[in-house]
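Colleague:
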Amino acid sequence: MSARVAVLVFPGTNSEDETVRALQAAGLDAALVHWSEPEALARFDAYVLPGGFAYEDRIRAGAVAAHDALMDPVIEAAEAGKFVLGICNGAQMLAEAGLVPGTGPLRRPTAAFAPNASGRFHSVHVHVRLAVEPARVPILGGIAAGTVLPAWASHGDGRLAAPAGELERMARDGHVAFVYADREGRRVPSPSGSALDAAALVNRGGNVLAIMPHPERDAWTFQHLDRTRDRASMLAPSGGATFFRHFARALAGRAA
Amino acid sequence: MTAVLEDAVALGRRAGVALSDDELRRIAERLGRVPTVTELFAFDAQWSEHCSYKSSREHLKKLPTEGPDVLLGVGEDAGIVRLGEWNGETYGIVVAHESHNHPSQVVPFEGAATGIGGIVRDVLCMGAEVIGVADALRFGRLENEHCRYVAQSVVDGIAAYGNAIGVPNVGGDVFVDESFDDNVLVNVVALGLVKAKDVIHSRAPRGSVGWDIVLVGKATDRSGFGGASFSSLTLDEDDADQNKGAVQVPDPFLKNVIMRATYAVFAQLRASNVQAGFKDLGAGGLAGCSAELCAAGGVGAEVELERVPTAQRDLPPEVVAIGETQERLCWIVPPSFTPLLLELYNDVYSLPRVARGACAAVIGKVTETGRYVARHRGETVMDVPLDFLTGGVRYHRAYELPRVAQEGGADRERALALAERSAPATLGERLRAVLAHRDVCSRASIYRRYDGVVRGCTSIPPGYADAGVLVPIPGAPLAVAVGIGGNPRYGTIDPRGAAELAVAEAIGHVAAVGARAIGLTDCLNFGDPTVAEHMGAFVAAVDGLAGAARHFGVPFVSGNVSLYNRSSSGRHVAPSPIVAAIGRIADVAASATMAFKRAGSPIVITAPVQTAFGGSVVGELLGLASATLPDVRVHAFARQCELVARCLERGAIGAAHLVTDGGVLAAIAKMAFAAEPGLGFAIDPAPMAERAGGELGWFAETPAFVVEVFDVEAFARLGAELRVDSYDAGVTIPEPYAVLGDERVPLEELREAWEAPLRDFYGAVRA
Chain A
748 MSARVAVLVF PGTNSEDETV RALQAAGLDA ALVHWSEPEA LARFDAYVLP
798 GGFAYEDRIR AGAVAAHDAL MDPVIEAAEA GKFVLGICNG AQMLAEAGLV
848 PGTGPLRRPT AAFAPNASGR FHSVHVHVRL AVEPARVPIL GGIAAGTVLP
898 AWASHGDGRL AAPAGELERM ARDGHVAFVY ADREGRRVPS PSGSALDAAA
948 LVNRGGNVLA IMPHPERDAW TFQHLDRTRD RASMLAPSGG ATFFRHFARA
998 LAGRAA
Chain B
21 MTAVLEDAVA LGRRAGVALS DDELRRIAER LGRVPTVTEL FAFDAQWSEH
71 CSYKSSREHL KKLPTEGPDV LLGVGEDAGI VRLGEWNGET YGIVVAHESH
121 NHPSQVVPFE GAATGIGGIV RDVLCMGAEV IGVADALRFG RLENEHCRYV
171 AQSVVDGIAA YGNAIGVPNV GGDVFVDESF DDNVLVNVVA LGLVKAKDVI
221 HSRAPRGSVG WDIVLVGKAT DRSGFGGASF SSLTLDEDDA DQNKGAVQVP
271 DPFLKNVIMR ATYAVFAQLR ASNVQAGFKD LGAGGLAGCS AELCAAGGVG
321 AEVELERVPT AQRDLPPEVV AIGETQERLC WIVPPSFTPL LLELYNDVYS
371 LPRVARGACA AVIGKVTETG RYVARHRGET VMDVPLDFLT GGVRYHRAYE
421 LPRVAQEGGA DRERALALAE RSAPATLGER LRAVLAHRDV CSRASIYRRY
471 DGVVRGCTSI PPGYADAGVL VPIPGAPLAV AVGIGGNPRY GTIDPRGAAE
521 LAVAEAIGHV AAVGARAIGL TDCLNFGDPT VAEHMGAFVA AVDGLAGAAR
571 HFGVPFVSGN VSLYNRSSSG RHVAPSPIVA AIGRIADVAA SATMAFKRAG
621 SPIVITAPVQ TAFGGSVVGE LLGLASATLP DVRVHAFARQ CELVARCLER
671 GAIGAAHLVT DGGVLAAIAK MAFAAEPGLG FAIDPAPMAE RAGGELGWFA
721 ETPAFVVEVF DVEAFARLGA ELRVDSYDAG VTIPEPYAVL GDERVPLEEL
771 REAWEAPLRD FYGAVRA
């Protein structure tokens, strides 16, 4: 039986359907859990927080959602070692909840995704490269060292910001799971001005991952814009689908 | 009775409504009394140009609106074209087009945002999932401080709203022209996906007498009072502050939730096989919307205004009835379904928790009377015949068709003479100047502010091709493309020709990504219809649209008219017929971006270059006062479109790009800029110089495509079948250079010239 994954929907979430499709394409049993049904959350093996503007991103991006009662079971699950993945707004929630980098108390963030250096929302196609040893990210079971993924950086608040000491610690302890890169994997400055060119953060245990760019928006061949737009397989998963495949493999490993 | 009529006129003048004295008399005569204040404002909205198309309707009849792919033609909030069949179901694409010009001039951020908000509701209320938006923007000169503010804020507003509701922005265009200094144009298109059997109509269903009228959404407030008639007025600087009150206040966060709740309602309606009527509240507010729903169903309505949830206490009945508070929709459902409807909005999607006072509430009943009755605290504030209220008025406006000079060959001679006299310029220098022109330069710093890929259905986002492409049904190869056309420089010279070219441009844009146009939608932006010259430009443009659409065999399925786009200083906008084409791609594998794909491919132009420089970019740069627009040659152009689509299907070409502003060479350069990794191009200028009388031919804006040929033989064969004359223009090369005969220009230099103007204005967004 495939692992059951909850995709949480807060008021203002907007990327829930494509996230479910990407998870399902990876063989997972993914279902939406709506903010009015928190009791349904207990029944899942893993949790995914999708993109959007939950609670209108009031105060700071992801901040209100991080304090929502709907997050309680997610935080509990993360503490218990279950896999929790946040994409874009979901990544911002995980930072605001203190789950990534996870070096401080809960809901007292030590790092945050702050407004882009430009002060504006942007939506640009990017590549990200795995910047830690694969063993550091058990949530992406079996991912190869240096894996490069295509994705869309579509956000207004994607700039990793933290006190200098915390940034040093994150770099040293392998919390920067992905960095922005070119298609060959060479690190490049992030469009958002993110510290450490960070595109994703992982917690100490490697079971909570917060990624700002959207791998699910370049996860099918028809979504590719470059030469890999292979005509024979336009409707097949590819590109960013790798990300979800490794997430599924991690869950399968747990179940076995 | 005369006293009553004159009392009505006096009341109307005191209340400051836009209704004319004659219209006020007509209302009083039919009602047999002086209208109440609420009735007065209801008629003011319903009989406005915006709601009633009173000046334009007789001309709009000329547009072709029927065809085999039309599932729902003009007449409701949006039209529907057939996308195709999948898993035994027929799918339609819902298409709506609106302007939000006046609001965007007065309060640009909110005006543009509510433009997106309104058009999205027009699509939603057809029972559809909203899958994309596109926008055509016309800004005043960016040297002008207020125009800069408007241009910045309009983009901010579109970004803020569209991004938050999670609808991808998949296309659009931007022009800058002096004529928009006092009147910005913000035209928005929205697309939806619906199964043919699931369409919900904007009318009270058959047998709905006794059913509930349910208002959903934001609590009604004072915002947007008088919006319909405001948008049918000439903007006056002195009234700026007063006009601001007529603009609605956007709430994309609430809209995001309302959309999702509404999708849940659709699912329940289908599951329980319940019929319903559904319509969005736009111009004319609650009374306008519920009246149109009931009038379309041939029934009547009784509405209790005090049941309308309000954000403020003691709102006067006319504001509750007519105000245009955003983010509201109106259902007509059988009472047996009402509890579930209220539960979905109020409990499951908890609208009251999302925004203060937001909810779904029963506010009235459908009656059989054919009258619209509204009560407020026991007092009847409206009691009017529905058909009279919604039927509006019609005018035959006097018009004078524009005189367009026929110059023919003189144009070419003058262009050549001017080019010779002008500062000596190499082809590369001219290309750089053309690429930096305000209407040619890169729009990346605008469209990268919009989320073009949310929903995960985008195959080609803005900037990568002539048209945006969506694959809206997960798992199905069916794709839909949306392309936009309309050039104000052409409109100023010849409204009719500009309209024809707008149709060709929109159809050409979808062809360039491999789509066949199946439907058109127009937004007609013109000046004051009571001035014969402006009305004449409108009539000429409609003639142009009708003729071109007929020849292409593509019908109009929706549209919008925006008149009075003139300021109190007398300046009116360039006649601006703006057209969007909806294209179908049977298999997304046949779609392509405009980027050159390989080195060594022949670069080909699909038609002989015309030396008509009227309205062209190079003409403007040379100071050529020409009046000859490129000739559309519809039938030949339609064959070019078919050639491009067929060649993409068979892999005979790798990329196509329509020649528009800046001409052939600018088109080639943009295809090279889009290539990843960089490719360059080499052209031999001599043959063009011979064919088109000098190298200016490289900048002629002839309706034609530049294509990158993969399979020379197949391309030649298909071209012969379709009788398309193609001309070799050059070849793609691996080095990042533009090789123009003996001249070798680094592509980066050209790219910088192309990117800098708007990047420096809007701020860099690094890719």
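Going down the list, the protein sequences come from chains A and B.
Mapped onto my numbering, the consecutive letters of the first sequence carry residue numbers 748 to 1003.
Mapped onto my numbering, the consecutive letters of the second sequence carry residue numbers 21 to 787.
Heads up, the beta-carbon is just placed ideally off N, CA and C, and yes, glycines get one too.
Find out if the Cβ-Cβ distance for the pair V879/A, A928/A is shorter than 8 Å.
Modeller: no
Colleague: Helix, strand or coil for N183/B per DSSP?
Modeller: helix
Colleague: Which residues share a DSSP beta bridge with D155/B?
Modeller: G192/B and V208/B
Colleague: Could you tell me which residues DSSP pairs with G1008/A in its beta bridges?
Modeller: Outside the shown range of chain A, which is 748 to 1003, sits residue 1008/A, and nothing can be said about it.
Colleague: For a cutoff of 8 Å on Cβ pairs, would you count F868/A as touching chain B?
Modeller: yes
Colleague: Verify whether the separation of the beta carbon atoms of D471/B and P705/B is less than 8 Å.
Modeller: no
Colleague: Enumerated in chain order, which unbroken segments of the beta strand (DSSP E) with a length of 3 residues or greater are wholly contained in the segment 725 to 766 of chain B?
Modeller: 725 to 729, 747 to 753, 757 to 760 and 763 to 766
Colleague: Could you pull the DSSP bridge partners for R373/B from this structure?
Modeller: Partner(s): none; R373/B has no beta bridge.
Colleague: Got a sec, what are the start and stop residues for the beta strand (DSSP E) L907/A sits in?
Modeller: R906 to A908
Colleague: In the DSSP assignment, the beta strand (DSSP E) including E399/B goes from what residue to what residue?
Modeller: E399 to P405
Colleague: Between the segment 601 to 614 of chain B and the segment 146 to 155 of chain B, do at least 3 Cβ pairs fall closer than 8 Å?
Modeller: no
Colleague: As a quick exercise: from Y73/B, K74/B, K81/B and G36/B, pick the residue whose alpha carbon is nearest that of F61/B.
Modeller: Restricting attention to Y73/B, K74/B, K81/B and G36/B, the CA atom closest to the CA of F61/B is found in G36/B.
Colleague: Between V744/B and I605/B, what straight-line distance do the alpha-carbon atoms span, to the nearest angstrom?
Modeller: If I take the Cα positions, the gap works out to 22 Å.
Colleague: Tell me which same chain residues have a C-beta within less than 8 Å of the C-beta of A687/B, skipping the five on either side of it?
Modeller: H677, L678, V679, T680 and V726
Colleague: Run through DSSP, which three-state label would I538/B get?
Modeller: Strand at I538/B.
Colleague: Using only the alpha-carbon positions, how far apart do V799/B and G828/A sit?
Modeller: This structure cannot settle anything about residue 799/B, because the visible part of chain B is limited to 21 through 787.
Colleague: Do you know how far the Cα of D367/B is from the Cα of W782/A?
Modeller: 11 Å
Colleague: To the nearest angstrom, report how far apart R841/A and P575/B are at their CA atoms.
Modeller: The amino acid occupying residue 841/A in the given sequence is Leu; Arg does not appear at that position. Cα-Cα distance, rounded: 50 Å.
Colleague: Does any residue of chain B have a CB that is nearer than 8 Å to the CB of Q970/A?
Modeller: yes
Colleague: Between V114/B and I100/B, is the Cβ-Cβ spacing less than 8 Å?
Modeller: Yes.
Colleague: If S305/B sits next to G343/B, beta carbons under 8 Å apart, how far is it from one beta carbon to the other, in whole angstroms?
Modeller: Reading off the sequence shown, one finds Gly at residue 305/B, where the question assumed Ser. Indeed, because the Cβ distance is near 5 Å, the residues count as touching under 8 Å.
Colleague: Residues of chain B with CB under 9 Å from M981/A, in chain order?
Modeller: S479, V491, P497, D607, V608, A609 and S611
Colleague: What span of residues does the alpha helix (DSSP H) with A560/B cover, start to end?
Modeller: A552 to F572
Colleague: Any beta carbon of chain A sitting closer than 8 Å to that of I178/B?
Modeller: no
Colleague: How would you label G620/B, buried or exposed, when you count the other beta carbons within 10 angstroms and need 16 or more for buried?
Modeller: It counts as exposed.
Colleague: Nearest-angstrom Cα distance between L738/B and R653/B?
Modeller: 20 Å
Colleague: Pick out whichever of G377/B, G318/B, R376/B and A418/B has its Cα sitting closest to the Cα of Y392/B.
Modeller: G318/B
Colleague: Taking a cut of 8 Å between CB atoms, which residues from the segment 919 to 935 of chain A lie near chain B?
Modeller: If the cut-off is 8 Å between Cβ atoms, the segment 919 to 935 of chain A has nothing near chain B.
Colleague: Just the chain B side, please: which residues come within less than 9 Å of D904/A by C-beta, in chain order?
Modeller: Chain B residues near D904/A: none, gap ~12 Å exceeds 9 Å.
Colleague: Would K81/B be called buried (16 or more neighbouring beta carbons within 10 Å of its own) or exposed?
Modeller: exposed
Colleague: Expressed to the nearest angstrom, what Euclidean distance is found between the alpha-carbon atoms of V234/B and V94/B?
Modeller: 25 Å
Colleague: Output needed for R992/A: all residues of its chain with C-beta closer than 7 Å, excluding positions within five of it in sequence on either side, in chain order.
Modeller: A773
Colleague: Taking C-beta pairs closer than 7 Å, name the residues in chain A that E696/B reaches, listed in chain order.
Modeller: D973
Colleague: To the nearest angstrom, how far is it from the Cα of V608/B to the Cα of V140/B?
Modeller: 25 Å
Colleague: Compute the Euclidean distance between the alpha carbons of C477/B and Q970/A, then round it to the nearest angstrom.
Modeller: When rounded, the separation of the alpha-carbon atoms in C477/B and Q970/A is 8 Å.
Colleague: Could you spell out the range, first to last residue, of the alpha helix (DSSP H) harbouring V57/B?
Modeller: Taken as a continuous stretch (DSSP letters only), the alpha helix (DSSP H) holding V57/B covers V57 to Q66.
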